[in-house]
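Residue numbers (our numbering): 1071 to 1546.
C-beta atoms are modelled at their ideal positions from N, C-alpha and C, and glycine is treated no differently.
Notes for the one structure printed next.
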């Protein structure tokens, strides 16, 4: 049995701001179930973690964490949930705050967390063979694992969930907080600043990211966010492993949020559509094609592509529902679009998990025209709810959605290549054409029904990466 310690800044069901929390919550369970591994997770103990979890935690030990001239205190707690042991690093000064990120001292907070992980490892009741850090918040932990070697010959894996966010901080923080000789500065510095993402990339034995296409894309300046030279340099050690979803949680057969549970039945899916139309004040018509977006309203998600073509698409006999919050520009755009097309378009400028599930269950099409997308979970959830995705061919969207081919009958969705508004309009109209062709639509739905993205395959890929690292000689 391989012993793996995940280091991350969030993890469902305890604390989550996005897809990172979903991955760190689901992957350890899949590794334990399918690969018989002992995977444990260590996190900060945020004030935002609900009391029901805090009440189940067991105090383990307190210890000191050196940060420059400071000698901070940390406490280690543990909790077992679904056969996985989770550890929590507690410190009132750094983590007893509202929210998870967005503070002026986020760099200092996660330097503390990563150093505290090193100090905690000798107190754990297992010895990790592999330390697996996730995103920039754990990059320093990967670096310190190599520099300090709290476990002899422990290997390291670093996963890029989104290379755009790198954890940059002034160079003088090295002397202020790190307690390391100057010879190690080069592994943490990039373009004149401390860069936590770069630290993880430089020191890890293996680099993974959340889809094969994204692993290729970030080798180039357009997607690499300034770190593409390092990705190129380490290209032999970079592997893309597509994320999965928790198919027990996202399961239309038993989802408590949706009105009519189903497996493949289009009749029951149509019942969900009619209930949703009534709930949102749209004209009730189970045969009218329903397009939905469930997204953060930010530039990355392709909203700029919708702005110039939405009025043209709304001339078609369709309904469109948007759920999400984000930039005021995009919120205003959808708000006024709803005013212009009250019989066709509803914009819910909030986030509501229950309504999101109802939209997945009711919709015919799920729209995700992202500018870039490391993996994307929403298109996987849409497929799980038997809703046809329409995506741009980038990152994980390209790896999980195959464009429907009328000739061969293959494909589980629709896609377009260029980041161009008229290409989006063209694929939207084409999806409507297929919807109105009963034979072709039925074939597409059969393909959607066969699409599976559980964590089982991903867990096997990670198990092979770990096995390779454990059996190969350690790097200098």
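Which residues mark the beginning and the end of the alpha helix (DSSP H) in which residue i is found?
i            : result
residue 1291 : 1291-1294
residue 1234 : Element bounds for residue 1234: n/a, residue is neither H nor E.
residue 1417 : Per DSSP, residue 1417 belongs to no alpha helix (DSSP H); it is in the beta strand (DSSP E), 1415-1418.
residue 1299 : 1298-1303
residue 1403 : 1398-1410
residue 1535 : 1526-1541
residue 1102 : 1089-1105
residue 1170 : From DSSP, residue 1170 is part of no alpha helix (DSSP H); its letter is neither H nor E.
residue 1514 : 1508-1520
residue 1354 : Neither: residue 1354 is in no alpha helix (DSSP H) and is coded neither H nor E.
What are the boundary residues of the beta strand (DSSP E) that residue i is part of?
i            : result
residue 1243 : Element bounds for residue 1243: not the beta strand (DSSP E) but the alpha helix (DSSP H), 1243-1247.
residue 1361 : 1360-1364
residue 1157 : 1154-1160
residue 1310 : 1308-1310
residue 1392 : 1389-1393
residue 1073 : 1073-1077
residue 1485 : 1484-1486
residue 1288 : Where residue 1288 is concerned, there is no enclosing beta strand (DSSP E), given that its DSSP letter is neither H nor E.
residue 1381 : Where residue 1381 is concerned, there is no enclosing beta strand (DSSP E), although the alpha helix (DSSP H) it sits in stretches over 1380-1383.
residue 1110 : 1108-1114
residue 1230 : 1225-1230
residue 1340 : Counting along the chain, residue 1340 falls outside any beta strand (DSSP E), though it belongs to the alpha helix (DSSP H) covering 1336-1350.
residue 1276 : 1276-1279
Could you tell me which residues DSSP pairs with residue i in its beta bridges?
i            : result
residue 1260 : 1263
residue 1132 : 1145
residue 1493 : Per DSSP, none; premise fails for residue 1493.
residue 1151 : 1154
Residue j and residue i - do their beta-carbons sit closer together than 8 Å?
i            : j            : result
residue 1498 : residue 1451 : no
residue 1207 : residue 1172 : no
residue 1225 : residue 1191 : no
residue 1547 : residue 1502 : This structure gives no information on residue 1547, because the portion of the chain shown stretches from 1071 to 1546.
residue 1573 : residue 1128 : For residue 1573 there is no data in the structure shown, the boundaries of the chain being 1071 and 1546.
residue 1133 : residue 1189 : yes
residue 1432 : residue 1342 : yes
residue 1469 : residue 1281 : yes
residue 1458 : residue 1479 : no
residue 1115 : residue 1159 : yes
residue 1111 : residue 1144 : no
residue 1233 : residue 1294 : yes
residue 1242 : residue 1359 : no
residue 1462 : residue 1505 : no
residue 1362 : residue 1330 : no
residue 1195 : residue 1231 : no
residue 1250 : residue 1217 : yes
Could you compute how far the alpha carbon of residue i sits from the alpha carbon of residue j?
i            : j            : result
residue 1169 : residue 1366 : 18 Å
residue 1536 : residue 1426 : 36 Å
residue 1303 : residue 1290 : 12 Å
residue 1235 : residue 1512 : 41 Å
residue 1301 : residue 1097 : 24 Å
residue 1202 : residue 1423 : 30 Å
residue 1481 : residue 1467 : 13 Å
residue 1476 : residue 1496 : 16 Å
residue 1465 : residue 1521 : 18 Å
residue 1316 : residue 1471 : 18 Å
residue 1276 : residue 1136 : 28 Å
residue 1312 : residue 1287 : 14 Å
residue 1328 : residue 1123 : 27 Å
residue 1075 : residue 1383 : 49 Å
residue 1318 : residue 1371 : 27 Å
residue 1557 : residue 1180 : The question about residue 1557 has no answer, for the chain in this structure spans 1071 to 1546.
residue 1517 : residue 1090 : 28 Å
residue 1369 : residue 1310 : 24 Å
residue 1530 : residue 1094 : 16 Å
residue 1336 : residue 1407 : 29 Å
residue 1213 : residue 1526 : 29 Å
residue 1430 : residue 1279 : 26 Å
residue 1546 : residue 1269 : In this predicted model, residue 1546 has a pLDDT of only 46, less than 50, meaning its place in the structure is not dependable enough to derive any value.
residue 1448 : residue 1510 : 24 Å
residue 1141 : residue 1157 : 21 Å
residue 1412 : residue 1404 : 12 Å
residue 1534 : residue 1130 : 32 Å
residue 1117 : residue 1138 : 25 Å
residue 1222 : residue 1244 : 25 Å
* Pick out the complete beta strand (DSSP E) segments inside the stretch 1424-1475, 3 residues or longer, and give them in chain order. => Listed in chain order, the complete beta strand (DSSP E) runs (minimum 3 residues) inside the stretch 1424-1475 are 1435-1438, 1458-1462.
* **Minimum length 4: unbroken alpha helix (DSSP H) runs contained in the stretch 1190-1223** => Taking only runs of at least 4 residues, the alpha helix (DSSP H) segments lying wholly in the stretch 1190-1223 are 1209-1218.
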